[in-house]
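Residue numbers (this note's numbering): 180 to 613.
In this text, a Cβ means the ideal position worked out from N, Cα and C, and glycines have one as well.
Here's the structure, in structure tokens; my notes come after.
Below, the structure is given as structure tokens:
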């Protein structure tokens, strides 16, 4: 199995691969007949990190720290450095990532290219808002230093630009101060979708981090039931007890595709919802932010055919939108046990193609059952388009061009910044004339 695949393992793709080791080396793509695309850790779910028939520029070797000012929390590093490596360096010195997605095994370049978001969007916005600068290497050899005040349009196009504007070689990030590695967490059970919105509205005022797991197979009066987690960084006076390092397990091979089915998902969701749990506790940041990272290769749970993640954002002033999505998923019987529901704040993202916008976002994993799964997504797309929402490109492997162009009306402006020697399966699909 090639390591140069997407996390969802779909669609299949074949590439030539050029491994990069030095940020000073050029790209020399002028004599390359095919197009190129940067590839970090492969944690994008669909084909925005794939370039079938073309060249991948593997950036994992660009993994050096350049400078860390422990007084100000400003960190400069190469684009292949992972968030896990940043945390290992910064947390003992009292600094934390300003924004983090649900895995720490993503590269800085990937975090910028997908303008990742986390549990604190209502306060901190996206990863791109905390970038001070980065270098963009174009295929013609030009090197652009981009920041909010220098090459501003390139800064905007590259954040959330899916690796299409050129190669990010290094980036400078503003970290946030913390007292210790612990998070104070409260877990609340909500019984309906309306109750979720009530809890969320109160929680965003007092808590920096909010997220919910939702039982996507529940219907009727219990539609949208789930568990709401909210947390803050622990105060200085909390010293905590030694935390044993979580033992990582790893799936050695793909499980049978039938393992995750309607019955097993229904049983899991019911048990997970009703399992007694502590209403309040103090957790190590690793357990709170990255629960799935303890399972290596967890994408093998879905079998050799892989899986899709469908993440959409919908207006939160009309609860009918998210209600329609949940009803459609429940009626299909293709539920997900990894179902995340949270609200986005009114914090503008800097990227031209950034996904987050004010509303409510739902992310679900679906095993690849072929046309049955794709037919469900068509129905969901119709709802999302009708209510003026959007689908996240970093999680997508099948979005129609017409839908993408409606979700991201700036796509034509963005296309002027795409490097002529860079492309991806995703971009070829969604930029087609419709």
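(request) Output yes or no for whether 8 Å exceeds the beta carbon distance between residue 370 and residue 401. (result) Yes, the Cβ-Cβ distance between residue 370 and residue 401 is below 8 Å.
(request) Tell me the start and end of each unbroken beta strand (DSSP E) in the region 429-479 that is at least 3 residues and wholly inside, in chain order. (result) 459-463
(message) Quick check on residue 605: does DSSP put it in helix, strand or coil?
(response) helix
(request) For residue 532, name the three-state secondary structure that DSSP assigns. (result) DSSP, read as helix, strand or coil, puts residue 532 in coil.
(message) Rounding to the nearest angstrom, what Cα-Cα distance links residue 423 and residue 470 in this structure?
(response) Legend: pLDDT at residue 423 = 48, less than 50; position of this residue unreliable, no value from coordinates given.
(request) Would you mind sorting residue 577 into buried or exposed? The rule is 16 or more other CB atoms within 10 Å of its CB. (result) Buried, because 16 or more other Cβ atoms sit within 10 Å of the Cβ of residue 577.
(request) With a 10 Å radius around its C-beta and 16 neighbouring C-beta atoms as the bar for buried, classify residue 442 as buried or exposed. (result) exposed
(request) Measure the beta-carbon distance from residue 491 to residue 541 and round it to whole angstroms, keeping in mind my assumption that it falls under 8 Å. (result) 6 Å
(message) I'd like the list of long-range same chain contacts for residue 379, defined as Cβ closer than 6 Å, with 5 residues on each side in sequence excluded.
(response) 522
(request) Express the C-alpha separation of residue 209 and residue 446 in angstroms, rounding to a whole number. (result) Their backbone Cα atoms lie some 55 Å apart in a straight line.
(request) With a threshold of 16 other CB atoms inside 10 Å of the CB of residue 201, please say whether the residue is buried or exposed. (result) exposed
(request) Kindly identify the DSSP beta-bridge partner or partners of residue 490. (result) 542
(message) For residue 197 and residue 237, which I take to be in contact (beta-carbon distance under 8 Å), what is that distance rounded to the nearest angstrom?
(response) Sure, about 7 Å apart at Cβ, within 8 Å.
(request) Tell me whether residue 547 sits in a helix, a strand or coil according to DSSP, three-state version. (result) coil
(message) Give me the DSSP bridge partner(s) of residue 389.
(response) 409
(message) Going by the DSSP bridge assignment, what does residue 356 pair with across the sheet?
(response) 274
(request) Quick one: residues in its chain with C-beta nearer than 8 Å to the C-beta of residue 421, no 5 flanking neighbours on either side, listed in chain order? (result) Legend: pLDDT at residue 421 = 49, less than 50; position of this residue unreliable, no value from coordinates given.
(message) Just checking residue 207 against the ligand NAD - is the residue's beta carbon closer than 7 Å to any of the ligand's heavy atoms?
(response) The ligand NAD is not part of the structure shown, which contains no ligands of any sort.
(request) Report the three-state DSSP secondary structure of residue 338 (helix, strand or coil). (result) coil
(request) Could you have a look at residue 246 and say whether DSSP puts it in helix, strand or coil? (result) strand
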